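Each position in the sequence shown, counted from 1, maps to that position plus 19 in our numbering.
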Amino acid sequence: MKKDEQILSELLDELSQRLQSISMAIDETIWDHDIINNTIRYNDRITSVFGYTVEEVNGAVSWWYNNLHPEDVKPVKDSLANALDNGLNRVEMRYRYRCADGSYKPVYDRATILRDSDGTPSRMIGVMQDMTPIIDIERARNRLRDTALKIATDEEIMSGRHKNKSLNKTLLEATLALRADWGGIWILQENGLTCEACVYQDKTIPPNERPQPISGIFMDLLDGESSSIIHDTQSTDVNLFAADTYFKPANIRSAMLQLIRIKGSPRAILGFESVENPRHWSDDEIQFTATIADQISQILTNAEILQKELELEQSLLEKETLLQEIHHRVKNNLAVVSSLMQLQAMETSNDEVREQLLDSTTRIRSMALIHEELYRNDNFNYLDIEQTIRGLVDYASSIMQGSNRVDVRYTLQPIRVNINQAVPLSLIVNEVVTNAYKHAFKAGIDAPCVCINTTLDNKLFCLAITDNGVGFPDDFDFDAINSLGMQLLHTLTEQLMGSYSIGNDAKGTTFKLEFELQDVKGAHSSL
C-alpha cells in the first residue's frame with residue numbers, strides 16, 4: 020500500500036510539473052482551488068495580467084472573491100453553487116476582476132470540477148481569460164461599421180451636390196474612426212497629384228498646409244495595386260526614396276493608401292497616416308478603407324453626374340447619352356447594395372455568413388462593372404473584356420486578400436465581347452478568382468500568384484486562370500460538390516454554350532473555359 024501511495028505521489032508531482040510548464044506557455048491565468056483545504060493557487064499570469072506582485076497574491080479563496088466586482092459576486096457564487104450542488108463537472112462564468120491599480124478587467128472563466136469516487140467535489144481548476152483585447156477589437160469594429168453606415172446613408176454627402184463639403188466630411192469621419200493622425204484625398208492630374216481634401220486629427224485643414232508627397236511617390240507605392248499597407252515606414256521593404264523625401268520629414272510612421280477608380284479608371288488616392296510610432300493596420304481597418312474609397316468614388320461620380328444633368332437641362336443630347344446615364348445609375352444602385360452588404364459582413368461574427376456576404380458582394384460588383392463599362396462606351400452592344408477583367412480582379416483583391424498581397428499577372432488580348440456573353444463571362448471570372456483567394460493560399464504559399472490569360476482563335480474564345488496554391492486533394496470529387504459557386508459555373512457555362520475544366524497541374528490549379536463568340540439576342544442572363 021505504501022508503495023502504491025508513493026507511486027501515486029510521484030505521478031501527481033509529475034503532473035503538477037507538466038501543468039506548471041503548460042501554464043507558462045499560455046497567456047491566461049490558471050487557478051487551482053483545493054476545495055477540501057479551501058486554498059487556491061495561481062500561475063504567474065496573475066501578476067502579469069492583473070498587476071499583482073507575488074507578495075500581494077493571497078492563497079485564501081476569500082482574496083479571490085474580494086477582487087470580484089461587487090455587482091458580480093452574487094452571480095459568480097450562484098453559478099459555482101449550482102455546479103457543485105448539481106453534480107456538474109464544468110462551469111463557465113463572466114465577471115469583472117479587480118487589478119492591482121484598482122481598475123477592473125472583463126474576464127471569461129472556465130473551470131473543471133474534480134470529484135471523489137463518491138461524487139464529492141474536491142478540486143477545481145480554471146482558466147481566467149482577459150477579454151479586454153477581444154472587447155477592444157469588437158468596439159473598433161463597431162466604430163468602423165457605424166461610421167461607414169453613417170456616411171452611406173447620408174443623402175446629402177452621397178449625392179455629390181456639394182462635392183468639397185462631402186469629401187471633407189467623409190474624410191473627417193473616416194480619420195476619426197480609424198484614429199489616424201492624417202487623412203487625405205488626392206486627385207490624379209496629368210501633371211501629378213493634387214490634394215483635394217485634408218484632415219489632421221480632429222479637424223479639416225487647407226490642403227496647402229499638409230505635407231505634400233513628391234509627384235509620383237504614391238503611385239510608386241501602389242505599384243499597380245489597388246492598395247498599399249505600410250505598418251512601419253522605417254521597414255527595410257519600404258520605398259527608400261519615399262521614406263527619405265516624404266515619410267521621415269513629415270514624421271509619418273504608418274500609412275494606408277487606397278486607389279479610387281471612377282468609371283473604371285484610376286482617378287484618385289485615399290490615404291490615412293499615423294505619426295511618431297509604427298502601427299499595425301488590422302484587416303477590419305483595411306476593409307473599412309476600401310469601403311470609404313468606394314463611397315468617395317460614388318461622391319465624385321455623382322458630382323460629375325449632377326454636372327452632366329445640369330448640362331442636359333441646357334441642351335438636348337442624343338438618346339445614347341441618356342442610355343449611358345441609365346447604365347451608370349444602375350451601376351450606382353448596385354454599388355450601394357454592394358457597400359451595404361460589405362457593412363453587414365463587417366457586423367456579423369459568423370465567419371460562414373461573412374464569407375457568403377462577401378461572395379455575394381463580388382458577384383453584385385461583377386454585374387455593376389458591366390453597366391460601368393457600358394456607360395464608358397459609345398457602343399452598347401460590346402465590351403472590351405480586358406478592361407472588364409482587370410476591374411473585376413482589382414475589386415476582388417481589395418475585398419478578399421486583406422493585408423496578404425497576391426500577385427496578379429495578366430496576358431489579355433484586346434477582345435470585344437457581346438454584352439449578353441460578357442455578363443456570364445464576368446461572373447465566371449469572379450467565381451474562380453475569389454475562390455482562389457479564399458482557398459488556394461491558406462497554407463501560407465510563398466509569393467502567391469494568380470495568372471489570367473485570354474486568347475481568341477477565329478471565334479473560339481479561351482480563358483485560363485491559374486494559381487500557384489495548394490491545389491485540390493488527389494481524391495477530390497468535383498461531381499459531389501453542390502455549392503452555389505459550382506452551380507453558377509455550370510449554369511453560366513451552359514448560357515455561353517461552352518465548356519470548362521478545372522484541376523491540378525504542376526504549379527497549382529488551372530481553370531479553363533472555351534466558348535464561341537456570337538451575337539446573343541435578348542436578355543443577357545437567365546439567372
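Beta carbons: idealized from backbone N, C-alpha and C, even for Gly.
From a predicted model like this one, the values you see are computed outputs, not experimental measurements.
**Study point:** Identity of the residues DSSP links to residue 284 by a beta bridge
**Key:** Position 265 of the sequence shown holds residue 284. Beta-bridge pairing links residue 284 to 281.
Practice item. Reducing DSSP to helix, strand and coil, say where residue 528 ends up. Key: Locating residue 528 in the sequence shown gives position 509, counting from the first residue. Residue 528 falls in the strand class under three-state DSSP.
Review point. For residue 59, is the classification buried or exposed, using 16 other Cβ atoms within 10 angstroms of its Cβ as the cut-off for buried?
Key: Along the sequence shown, read from residue 1 onward, the residue named residue 59 stands at position 40. Buried, by the Cβ-count rule.
Practice item. Identify whether residue 98 lies in helix, strand or coil by the three-state DSSP scheme. Key: In the sequence shown, residue 98 corresponds to position 79, counting from 1. Here residue 98 sits in helix by DSSP.
Practice item. Could you tell me the distance, in whole angstroms, from the CA atom of residue 52 to the CA atom of residue 300? Key: For the purposes of this step, residue 52 is taken as the residue at position 33 of the sequence shown. For the purposes of this step, residue 300 is taken as the residue at position 281 of the sequence shown. Roughly 41 Å separates the two Cα atoms.
Review point. Secondary structure at residue 368, three-state DSSP: helix, strand or coil?
Key: Counting from one through the sequence shown, the residue named residue 368 turns up at place 349. Correct three-state label for residue 368: coil.
Review point. When you compare only the Cα positions, how much space is there between residue 546 and residue 475?
Key: Against the sequence shown, residue 546 aligns to sequence position 527. Against the sequence shown, residue 475 aligns to sequence position 456. Reliability of the predicted coordinates at residue 546 is poor, the pLDDT of 44 falling under 50, and the value obtained from them is presented with this limitation in mind. Answer to the nearest angstrom: the Cα atoms are 26 Å apart.
Practice item. Using three-state DSSP, classify residue 246 as helix, strand or coil. Key: Working through the sequence shown from its first residue, we reach residue 246 at position 227. Here DSSP, grouped into helix, strand and coil, assigns residue 246 to strand.
Point to revise | Distance between residue 235 and residue 320 (C-alpha atoms, nearest Å) | key: For the purposes of this step, residue 320 is taken as residue 301 along the sequence shown, with counting starting at 1. For the purposes of this step, residue 235 is taken as residue 216 along the sequence shown, with counting starting at 1. Taken atom to atom, the span from the alpha-carbon of residue 320 to that of residue 235 is near 24 Å.
Practice item. Please say whether residue 200 and residue 220 have beta carbons closer to each other than 8 Å? Key: The count along the sequence shown starts at 1 and reaches residue 220 at position 201. The count along the sequence shown starts at 1 and reaches residue 200 at position 181. Against a cut-off of 8 Å, the Cβ pair of residue 200 and residue 220 comes out as a contact.
Practice item. Under the assumption that residue 232 contacts residue 265 (Cβ atoms under 8 Å), give the Cβ distance between them as a whole number of angstroms. Key: Here residue 232 refers to the residue found at position 213 when the sequence shown is read from its first residue. Here residue 265 refers to the residue found at position 246 when the sequence shown is read from its first residue. Rounded, the Cβ-Cβ distance is 5 Å, consistent with contact.
**Study point:** Cβ neighbour criterion (16 or more within 10 Å) applied to residue 55
**Key:** Against the sequence shown, residue 55 aligns to sequence position 36. The residue in question, residue 55, is exposed, as its Cβ has fewer than 16 Cβ neighbours within 10 Å.
Practice item. Express the C-alpha separation of residue 67 and residue 404 in angstroms, rounding to a whole number. Key: Position 385 of the sequence shown, counted from the start, is the residue given in the question as residue 404. Position 48 of the sequence shown, counted from the start, is the residue given in the question as residue 67. Residue 404 and residue 67: Cα-Cα distance of roughly 58 Å.
Practice item. Measure the C-alpha to C-alpha separation of residue 518 and residue 467 and round it to an integer number of angstroms. Key: Locating residue 518 in the sequence shown gives position 499, where the first residue counts as 1. Locating residue 467 in the sequence shown gives position 448, where the first residue counts as 1. Taking the straight line joining both Cα atoms gives about 27 Å.
**Study point:** Buried or exposed by the 16-neighbour rule on C-beta atoms within 10 Å, applied to residue 85
**Key:** Taking the first residue of the sequence shown as position 1, residue 85 is located at position 66. With fewer than 16 Cβ atoms within 10 Å of its Cβ, residue 85 is classed as exposed.
**Study point:** Simplified DSSP assignment, three categories, for residue 70
**Key:** As a position in the sequence shown, residue 70 is number 51, starting the count at 1. Residue 70 falls in the coil class under three-state DSSP.
Point to revise | Simplified DSSP state of residue 160, which is helix, strand or coil | key: As a first step, residue 160 must be located in the sequence shown, where it is residue number 141. Reduced to three states, the DSSP call for residue 160 is helix.
Check your understanding: With C-beta atoms as the reference, is residue 271 less than 8 Å away from residue 205?
Key -> Residue mapping note: residue 271 aligns to position 252 of the sequence shown, counting from 1. Residue mapping note: residue 205 aligns to position 186 of the sequence shown, counting from 1. Result no, Cβ atoms of residue 271 and residue 205 do not sit closer than 8 Å.
Point to revise | Three-way DSSP call (helix, strand, coil) for residue 50 in this model | key: Taking the first residue of the sequence shown as 1, we reach residue 50 at position 31. The answer is strand: DSSP assigns residue 50 an E or B state.
Practice item. Please specify which runs of the beta strand (DSSP E), each continuous and at least 3 residues long, are wholly inside the stretch 227-272, giving them in chain order. Key: Fully enclosed beta strand (DSSP E) runs of no fewer than 3 residues occupy 246-249 of the stretch 227-272, in order along the chain.
Review point. Short check: CB of residue 310 to CB of residue 167, under 8 Å?
Key: For the purposes of this step, residue 310 is taken as residue 291 along the sequence shown, with counting starting at 1. For the purposes of this step, residue 167 is taken as residue 148 along the sequence shown, with counting starting at 1. For residue 310 and residue 167, yes; Cβs fall inside 8 Å.
Review point. With a CB to CB cut of under 7 Å and the five nearest residues on each side skipped, what residues in its chain are close to residue 159?
Key: Taking the sequence shown and counting its residues from 1, one reaches residue 159 at position 140. The residues are 303.
Check your understanding: Apart from the five residues on each side of it in sequence, which residues of its chain come closer than 7 Å, Cβ to Cβ, to residue 150?
Key -> Along the sequence shown, one-based indexing puts residue 150 at 131. Same-chain partners within the cutoff: 125, 126, 127.
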